[in-house]
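This report refers to the structure that appears directly beneath it.
There are 2 protein chains.
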Amino acid sequence: MERLPGFRDFYPEPLPHPDVWSADARQYIVERWRATARRYGFREYDGPPLEPLELFTTKSGEEIVGQLYNFIDKGERPVALRPEMTPTLARMIAAHERNYKKPIKWFAVPQLFRYERQQKGRLREHFQFNADIIGETSTAADAELIALLVDSLRSLGLSEADFVVRLSSRNAWQQFYAERNHDSAKAYDFFQTIDKLEREKPEVTQEKLRSFGFSIDEITAFIQRAEPTAELQQIVDNLAARGLSSFVKVDYQVIRGLAYYTGVVFEAFDRKGELRAIAGGGRYDNLINLISGGRVDLAALGFGIGDIVLLELLKARKLLPSFEAGIDVFVLIEDESLRNRSLALIQQLRDAGFSVEYSLTAAKPDKQFKRALELKSAFTGRLEADQVRLKNLRTREERLVPSSDVVSFLKNESRPA
Amino acid sequence: MERLPGFRDFYPEPLPHPDVWSADARQYIVERWRATARRYGFREYDGPPLEPLELFTTKSGEEIVGQLYNFIDKGERPVALRPEMTPTLARMIAAHERNYKKPIKWFAVPQLFRYERQQKGRLREHFQFNADIIGETSTAADAELIALLVDSLRSLGLSEADFVVRLSSRNAWQQFYAERNHDSAKAYDFFQTIDKLEREKPEVTQEKLRSFGFSIDEITAFIQRAEPTAELQQIVDNLAARGLSSFVKVDYQVIRGLAYYTGVVFEAFDRKGELRAIAGGGRYDNLINLISGGRVDLAALGFGIGDIVLLELLKARKLLPSFEAGIDVFVLIEDESLRNRSLALIQQLRDAGFSVEYSLTAAKPDKQFKRALELKSAFTGRLEADQVRLKNLRTREERLVPSSDVVSFLKNESRPA
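Line by line, the protein sequences are chains A and B. Our numbering puts the first residue of the first sequence at 458, with every later residue one more than the last. Our numbering puts the first residue of the second sequence at 458, with every later residue one more than the last.
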């Protein structure tokens with residue numbers, strides 16, 4: 458029996474097959490995201506992977522249904538697996554924002570689902586690091602959020618040589634559009650055309666732009682304008698004060714595909730331009746109002762970093778550590794009459810926080826020792842009367858330590874965390 | 458807009474409403490589970506929350522469909538949200554077991570879904586700590602797994618006064634049934650009757666038992682038999698050697714509801730008997746064979762601990778810590794001309810691993826200080842020329858430290874982890 462196409466199995470390393478994913482690498486990335494978010498004072502939240510379908514159609518219109526895992530549940534409710542986290546966040550904020558001081562700084566690491574036509578490398582689920590700031594209109598919040606994005610990627614070893622965050626302004630595009638075209642209902646279609654500029658054939662783009670009343674030259678001139686908007690300049694200056702200038706650049710080509718952005722938007726890309734976007738985000742000052750039916754009106758902004766492109770980049774830059782089993786002690790049981798006392802030793806070591814392995818059944822001494830090496834154990838331990846013979850498998854040094862002193866001996870000896 | 462009934466929103470503490478759940482408490486529990494699994498040498502895996510429906514019906518028969526979130530996807534595939542992890546694990550093991558040394562010791566922390574009729578306190582999703590040992594028939598594996606279960610609960614502060622693991626044997630029940638009733642097709646219905654013994658009305662149970670050819674007295678005598686089976690005795694002795702005797706007892710009343718158990722089964726309960734089962738598990742030596750269509754035949758056993766009953770118990774025993782924001786430094790910006798240099802300080806501190814907060818916009822000094830207290834910051838820091846005035850908010854001591862020494866000063870001063 459096979460898993461569904463577009464879904465992933467995560468195995469412990471070393472990986473058994475190129476077609477499966479590393480549970481260790483995923484956990485490593487998620488832990489770095491979490492630690493970075495906490496350094497920035499962000500708190501964790503989570504919501505249901507299954508939501509009322511209406512939560513997503515309210516935000517994105519009925520067109521989105523074609524890309525969802527949606528169905529009618531046994532209570533006759535139209536439901537969908539979440540394709541993104543922001544609507545759930547907006548719903549949760551609208552329900553209980555009064556209990557939290559503003560600005561609210563929250564993060565989550567949800568798994569997200571989209572029914573996309575199968576293409577090479579396109580999956581139907583991914584994990585995403587979502588961080589949002591709610592209740593602050595100042596560009597200081599945009600800068601704080603972008604700094605978190607930069608540091609989340611830096612925490613994985615990526616440098617300014619590896620990625621850049623391209624900053625742009627949906628506001629500026631909105632204004633540019635409105636000066637030439639008064640049909641505001643078509644603005645979003647226009648933005649989508651701009652969003653596809655780098656991927657679409659030039660003749661298709663030109664034709665589309667003409668239908669909105671724009672020439673490609675006008676668009677190029679707008680993108681290449683010399684001056685950033687005042688709000689972008691503030692963000693760039695703020696990031697410069699943090700020493701993060703080299704990680705960002707203003708680039709009006711970025712506009713973001715989603716309908717709900719209202720202000721600054723940004724995307725992170727690999728510097729070589731070989732991969733799809735690593736991350737994207739922006740301001741969505743109207744969404745909470747929309748989701749809450751006008752009950753709650755709070756400025757907001759956020760970003761998402763997906764795990765898939767990021768893993769590609771980390772692999773390409775050789776920034777993923779090797780994830781060995783790496784236990785602390787392998788207890789050798791060479792005499793079965795010592796098994797019960799060895800179990801007591803194992804329990805004592807595990808209680809003290811060490812990771813401990815041993816052979817569940819009787820096995821030849823050399824086979825046990827080989828297994829200790831395979832598991833990259835730091836030490837082997839073997840009972841001898843009231844003492845334990847500890848062998849450091851790196852230095853090959855041996856020491857006989859009284860049973861009662863084993864824990865303190867290992868705490869002094871063990872590799873620094 | 459509301460979340461779906463039976464699903465949970467997880468908020469940062471302090472919780473805004475009794476109807477929502479703590480993201481912090483969940484993360485705390487999951488981290489303890491992970492750390493304990495690693496001490497036992499278990500490696501993490503994960504699989505898709507959405508699987509082919511057939512994966513679950515193969516194992517549990519068509520009856521299970523009534524309890525699933527199942528639907529037809531846009532590719533005309535019958536699919537279901539996973540109600541348990543074991544079929545996914547069996548599928549993954551069957552696919553790639555040859556690449557892993559036996560016994561395989563793996564764990565996962567999946568979210569699981571069941572469409573149950575809404576009842577008070579019954580939810581439609583929960584998180585579960587799953588741990589399994591694959592490829593070992595010896596009862597030494599059963600003991601190792603049960604020890605992990607005990608220590609996973611102990612790692613949260615629960616003691617032998619709080620919970621007990623009741624051990625039983627599906628084998629013994631199977632044999633007892635077969636001696637009196639030769640209709641093996643009905644054995645599973647009989648087991649289900651036994652499983653409901655504690656919850657069902659006595660007259661209903663008696664009637665059902667009669668239909669299988671058993672009297673209630675025979676059942677009572679079997680449950681109260683003096684001698685554990687040989688395999689249970691081995692497990693009890695093994696756990697005694699680890700010093701874990703007080704956490705387990707043999708209790709033949711336990712039989713487990715699932716069809717696929719083949720040997721030892723067990724459930725963990727609170728000692729006061731006020732809550733539903735905290736955890737359950739057992740041997741399922743035939744399941745991988747079944748799921749793999751006879752391709753792979755490996756003995757296996759596992760358990761699951763759900764987060765919901767466990768949280769109830771931890772709350773009742775007051776074993777959940779308080780989850781405050783708890784940052785390291787709140788940087789006070791009392792003079793806006795120092796904002797840029799303060800941002801550089803903030804970046805320096807975060808780069809060094811400290812969690813740092815500050816006011817995104819200009820605010821009165823006393824408001825900033827109040828916020829630092831609310832966030833339970835360990836220190837405030839304020840730039841003064843080339844120095845930083847650090848105030849320990851617990852002792853109220855102040856120190857002027859050169860900017861270049863702030864990180865090392867705080868590393869020495871900061872609260873032990």
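C-beta atoms are modelled at their ideal positions from N, C-alpha and C, and glycine is treated no differently. Since the model is a prediction, treat every value here as computed from it, not as a measurement.
Contiguous alpha helix (DSSP H) assignments of at least 4 residues, all confined to the region 644-696 of chain B
With a minimum length of 4 residues, the continuous alpha helix (DSSP H) runs that stay inside the region 644-696 of chain B are 644-652, 659-668 and 673-680.
Taking DSSP as the reference, what is the three-state secondary structure of residue 565(B)?
Reduced to three states, the DSSP call for residue 565(B) is strand.
Please report the distance separating the alpha-carbon of residue 614(B) from that of residue 500(B).
Distance from the CA atom of residue 614(B) to the CA atom of residue 500(B), rounded to whole angstroms, is 23 Å.
Buried versus exposed call for residue 869(B) [16 or more other C-beta atoms within 10 Å across all chains shown]:
When all chains shown are included, residue 869(B) counts as exposed.
Need the endpoints of the beta strand (DSSP E) that residue 859(B) sits in, please.
Segment 855-859, the beta strand (DSSP E) holding residue 859(B).
Contact check, residue 714(A) vs residue 649(A) under 8 Å by CB: the rounded distance?
Between residue 649(A) and residue 714(A) the Cβ distance is about 6 Å, and since that is below 8 Å, they are a contact.
Where residue 535(B) falls, given that 16 or more other Cβ within 10 Å makes a residue buried
Label assigned to residue 535(B): exposed.
Is there contact here, the region 464-480 of chain B with the region 525-533 of chain B, by at least three beta-carbon pairs under 8 Å?
Contact between the region 464-480 of chain B and the region 525-533 of chain B is absent: fewer than 3 CB-CB pairs across the two stretches fall below 8 Å.
Are the Cβ atoms of residue 503(B) and residue 759(B) separated by less than 8 Å?
Not closer than 8 Å, so no.
Where residue 864(B) and residue 647(A) are concerned, what is the direct C-alpha to C-alpha distance, given to the nearest angstrom?
Rounded to whole angstroms, the separation of the alpha carbons of residue 647(A) and residue 864(B) is 49 Å.
Answer with buried or exposed for residue 460(B), where buried requires no fewer than 16 other C-beta atoms within 10 angstroms of its C-beta.
Looking at its Cβ environment, which holds 16 or more other Cβ atoms inside 10 Å, residue 460(B) is buried.
What residues in the region 757-768 of chain B bring their beta carbon closer than 9 Å to a beta carbon of chain A?
Cβ contacts with chain A: none found.
Going by the CB atoms, is the gap between residue 565(A) and residue 645(A) shorter than 8 Å?
With a cutoff of 8 Å on beta-carbon distance, residue 645(A) and residue 565(A) are scored as not near each other.
Quick one: is residue 556(A) buried, meaning 16 or more other Cβ sit within 10 Å of its Cβ, or exposed?
Around the Cβ of residue 556(A), a 10 Å sphere holds fewer than 16 other Cβ atoms; the residue is exposed.
Roughly how many angstroms lie between the CA atoms of residue 723(A) and residue 606(A), to the nearest whole one?
Residue 723(A) and residue 606(A) have their C-alpha atoms roughly 10 Å apart.
Mind pulling the chain B residues with CB within less than 8 Å of residue 568(A)?
Taking the beta carbon of residue 568(A) as reference, the chain B residues within 8 Å of it are 506, listed in sequence order.
Does the beta carbon of residue 775(B) sit closer than 8 Å to a beta carbon anywhere in chain A?
It does not: the Cβ of residue 775(B) has no partner Cβ on chain A nearer than 8 Å.
Are the beta-carbon atoms belonging to residue 542(B) and residue 587(B) less than 8 Å from one another?
Cβ atoms of residue 542(B) and residue 587(B): closer than 8 Å.
Mind listing the chain A neighbours of residue 526(B)? Cutoff is C-beta to C-beta under 9 Å, in chain order.
507, 528, 530, 531 and 536, listed in chain order.
Taking Cβ-Cβ distances shorter than 8 Å, what residues in chain A pair up with residue 748(B)?
Neighbours of residue 748(B) across chain A, judged by C-beta separation under 8 Å: 458.
If we define contact as Cβ-Cβ less than 8 Å, is residue 810(A) a contact residue for chain B?
A Cβ of chain B is located within less than 8 Å of the beta carbon of residue 810(A).
Determine, for residue 549(A), whether the minimum Cβ-Cβ distance to residues of chain B falls below 8 Å.
It does; some Cβ of chain B falls within 8 Å.
Does the region 512-527 of chain B come close enough to the region 745-765 of chain B to have 3 or more Cβ pairs within less than 8 Å?
Under the Cβ criterion (8 Å, minimum of three pairs), the region 512-527 of chain B counts as touching the region 745-765 of chain B.
Can you give me the C-alpha to C-alpha distance between residue 552(B) and residue 643(B), rounded to a whole angstrom?
Looking at the two C-alpha atoms, the distance is approximately 32 Å.
Cutoff 8 Å: residue 723(A) Cβ touching any chain B Cβ:
Residue 723(A) is outside the set of residues whose beta carbon lies under 8 Å from a beta carbon in chain B.
Could you check the C-alpha separation between residue 711(A) and residue 757(A) for me, to the nearest Å?
If I take the Cα positions, the gap works out to 19 Å.
Three-state secondary structure assigned by DSSP to residue 552(B)
DSSP places residue 552(B) in helix when its eight states are reduced to three.
Pull up the DSSP beta-bridge partners for residue 590(A), would you.
Answer is 562(A) and 758(A).
Is residue 583(B) close to chain A? Criterion is C-beta to C-beta, closer than 8 Å.
No Cβ of chain A is located within less than 8 Å of the beta carbon of residue 583(B).
Here's the rule I'm using: 16 or more other beta-carbon atoms within 10 Å means buried, otherwise exposed. How should residue 776(B) be labelled?
With fewer than 16 Cβ atoms within 10 Å of its Cβ, residue 776(B) is classed as exposed.
Where does the unbroken beta strand (DSSP E) through residue 815(B) begin, and where does it stop?
813-815 is the span of the beta strand (DSSP E), which, as asked, contains residue 815(B).
Name, please, each residue of chain B whose Cβ falls closer than 7 Å to the Cβ of residue 676(A).
The contacting residues do not exist; residue 676(A) stays about 34 Å from chain B at best.
Scan the region 513-554 of chain B and note each continuous beta strand (DSSP E) run of 3 residues or more that stays entirely inside, going in chain order.
Restricted to the region 513-554 of chain B, the beta strand (DSSP E) segments that are unbroken, complete and at least 3 residues in length are 527-529 and 535-538, listed in chain order.
Taking residue 725(B) as the reference, give the member of 478(B), 476(B) and 619(B) with the closest Cα.
Nearest of 478(B), 476(B) and 619(B) to residue 725(B), Cα basis: 619(B).
Could you tell me which residues DSSP puts in a beta bridge with residue 620(A)?
727(A), per the DSSP bridge assignment.
How many angstroms separate the CA atom of residue 582(B) from the CA atom of residue 539(A)?
Distance between the alpha carbons of residue 582(B) and residue 539(A): 15 Å.
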